[in-house]
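Numbering (our numbering), first residue to last: 1456 to 1956.
Spelled out as structure tokens, the structure:
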């Protein structure tokens, strides 16, 4: 998926020449210690690279130029150990195009009350040095994350870890190539969007290939490779008897293996990390890619059904953020409701394409007819999702901007078994409840497709949206519809006015 240890975040400390060489030496020693500590923290997956203390306009500007040019650098953490006059940061910050985390901490946790003298005060000035630093970034309207607390705290490490994962996803997103096999499902609005604006805003490259291009590759897959993959299926999943060798649907399973191998080969050859399909554009294919899409998501690719490229890209981003964490991420759809007043719930699913990284236990490999598309019965993985917290995230095109919507949800077990449901599914209760959560989602224009994750929470997506410079709204346990509607209206005004600031 992504190798975090090939990515760097620079630890940058601000000071000035005013305090003399001994104080600056201490500033550098303390900064190195903190950077080393963060670099060894299990909560922060990327490399933390100490950079020499910045004391002048030229040093700041040079560092920002170097950060922009360094492809391994995915962001910088800034901290002002002493007072660092913010005018010296302006020229560098004007050109910096990497995400910023402003760490507001100090080297010592406790004040040595009986030992405090002016040497101590001159050295440990973050309490007002970081306020000067914060002013200039606010004055320049620079998006950043502010983390406050003692640097050894679990909470501080965790929040830096969240931001670093979002920065890795943003780095990946800016270089993301996405292929659409066919077009959107016809007449659907929310899966459309401005792909040129997406590339300007995100760096995301979205291009369409005719289905015939992928069919040619699929048809050329060697039988020996299919044999090997089908054996892998048998080792990993509970394969239904009719999908095993000699069974009625064995060839259907083999055909999904052929599709998987063909699409994977196409993606690798083109450097694509995400893709879409649509059941309305399957000319030359015997089945809709079901198991194939699920397996490719499991391997880290983004996916969107019905040509939904925005959510394919978002699934990829969320997978990068959550790499190595407990839980998974999948393309998802709010499908149908349980509206009993004793416990209203959402049943989430899709026709076929739900990623097994969110499965509880061993998934079952089954073959069932598909009611739409007019093709052979496709193989797919069937499973349910474990209980626990999760999020649904949606990226939509509002015409004048992109909006990211996140609903925090609580996954629960179905009230009863679902023996006739032939697809993977999840059951959840939206926060704060279904009535408010669904209403807020609809007011915000959220799509019926989402990136669903039990590995990351809303903070990751908020950090990512901040880096991307797009609107972010969260529906959670404290959401009030009246206030939420006001927030959407205020945001509308903000994004119109912000272009002139």
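No residue lacks a Cβ here, since even glycine has one placed at the ideal position from N, Cα and C.
Discussion item. Can you find the residues in the same chain that come closer than 6 Å, C-beta to C-beta, to residue 1945, ignoring five residues on each side of it along the sequence?
Written reply: none
Worksheet entry | Three-state secondary structure assigned by DSSP to residue 1457 | coil
Worksheet item: What residues are listed by DSSP as bridge partners for residue 1535?
Response: 1469
Worksheet entry | Which of helix, strand or coil DSSP assigns to residue 1608 | coil
Worksheet item: Rounded to a whole number of angstroms, what is the C-alpha to C-alpha distance between residue 1668 and residue 1745?
Response: 19 Å
Worksheet item: How would you write the range of the alpha helix (DSSP H) that residue 1705 sits in, first residue to last?
Response: 1705–1725 is the extent of the alpha helix (DSSP H) around residue 1705.
Worksheet item: Residues in its own chain within less than 8 Å of residue 1889 by CB, not counting five upstream and five downstream?
Response: 1792, 1794, 1799, 1800, 1801
Discussion item. Given a cut-off of 9 Å on the beta-carbon distance, is the pair residue 1587 and residue 1540 in contact?
Written reply: yes
Item to complete: Provide the residue span of the alpha helix (DSSP H) that contains residue 1541, from first to last.
Response: Per DSSP, residue 1541 belongs to no alpha helix (DSSP H) and is neither H nor E.
Discussion item. Ignoring anything shorter than 4 residues, give me the alpha helix (DSSP H) runs that lie fully in the stretch 1663–1691, in order along the chain.
Written reply: Runs found: 1666–1674, 1678–1691.
Worksheet item: From residue 1809 to residue 1785, what distance separates their C-alpha atoms?
Response: 6 Å
Worksheet item: What is the rounded straight-line gap between the Cα of residue 1957 and the Cα of residue 1736?
Response: Residue 1957 cannot be examined here, being either before or after the span of the chain that is shown, 1456 to 1956.
Item to complete: May I ask you to verify whether the stretch 1573–1592 touches the stretch 1529–1546, counting CB pairs closer than 8 Å and requiring at least 3?
Response: yes
Item to complete: Could you tell me the distance, in whole angstroms, from the CA atom of residue 1782 to the CA atom of residue 1473?
Response: 50 Å
Practice prompt. Give a yes or no on contact between the stretch 1769–1783 and the stretch 1910–1922, applying the rule of three or more CB pairs nearer than 8 Å.
Written response: yes
Worksheet entry | Assigned secondary structure, residue 1808 (DSSP; H/G/I helix, E/B strand, else coil) | coil
Worksheet entry | Sequence ranges, beta strand (DSSP E) only - wholly within the stretch 1621–1652, length at least 3 | 1632–1636
Worksheet entry | Uninterrupted alpha helix (DSSP H) stretches inside the stretch 1751–1818 (no shorter than 4 residues) | 1764–1776
Item to complete: Would you kindly work out how many angstroms separate the C-alpha atoms of residue 1747 and residue 1768, rounded to a whole number?
Response: 18 Å
Worksheet item: DSSP three-state call for residue 1899: helix, strand or coil?
Response: helix
Worksheet item: So residue 1757 packs on residue 1770, CB below 8 Å; how close in whole Å?
Response: 4 Å
Practice prompt. Please classify residue 1566: is it buried, with 16 or more other beta-carbons within 10 angstroms of its beta-carbon, or exposed?
Written response: exposed
Discussion item. Looking at the strands, I want to know which residues DSSP matches up with residue 1907.
Written reply: 1785, 1847
Worksheet item: Can you pull the DSSP bridge partners for residue 1949?
Response: Answer is none; residue 1949 lacks a bridge partner.
Worksheet item: Who are residue 1862's beta bridge partners in DSSP?
Response: 1847, 1930
Worksheet item: With burial defined as no fewer than 16 other Cβ atoms inside 10 Å of the residue's Cβ, what is the status of residue 1847: buried or exposed?
Response: buried
Discussion item. Could you tell me the alpha carbon to alpha carbon distance between residue 1727 and residue 1481, rounded to whole angstroms?
Written reply: 47 Å
Discussion item. Pairs of beta-carbons, one from the stretch 1597–1612 and one from the stretch 1556–1576, closer than 8 Å: are there three or more?
Written reply: yes
Worksheet item: When you compare only the Cα positions, how much space is there between residue 1415 and residue 1616?
Response: The structure shown has nothing for residue 1415, since the chain only spans 1456 to 1956.
Discussion item. I need the boundaries of the beta strand (DSSP E) containing residue 1583, first residue and last residue.
Written reply: First-last for residue 1583: 1581–1594, but that is the alpha helix (DSSP H), not the beta strand (DSSP E).
Worksheet item: Roughly how many angstroms lie between the CA atoms of residue 1940 and residue 1898, to the nearest whole one?
Response: 7 Å
Fill in: Limits of the unbroken alpha helix (DSSP H) element including residue 1486
1476–1495
Worksheet item: Secondary structure at residue 1857, three-state DSSP: helix, strand or coil?
Response: In the three-state reduction of the DSSP assignment, residue 1857 falls in the strand class, which pools E and B.
Worksheet item: CB residue 1927 to CB residue 1859, shorter than 9 Å?
Response: yes
Worksheet entry | Residues of its chain near residue 1863, where Cβ-Cβ distance is below 6 Å and the 5 sequence neighbours each way are ignored | 1846, 1886, 1913, 1931
Discussion item. If you follow the beta strand (DSSP E) that residue 1730 is in, where does it begin and where does it stop?
Written reply: 1729–1731
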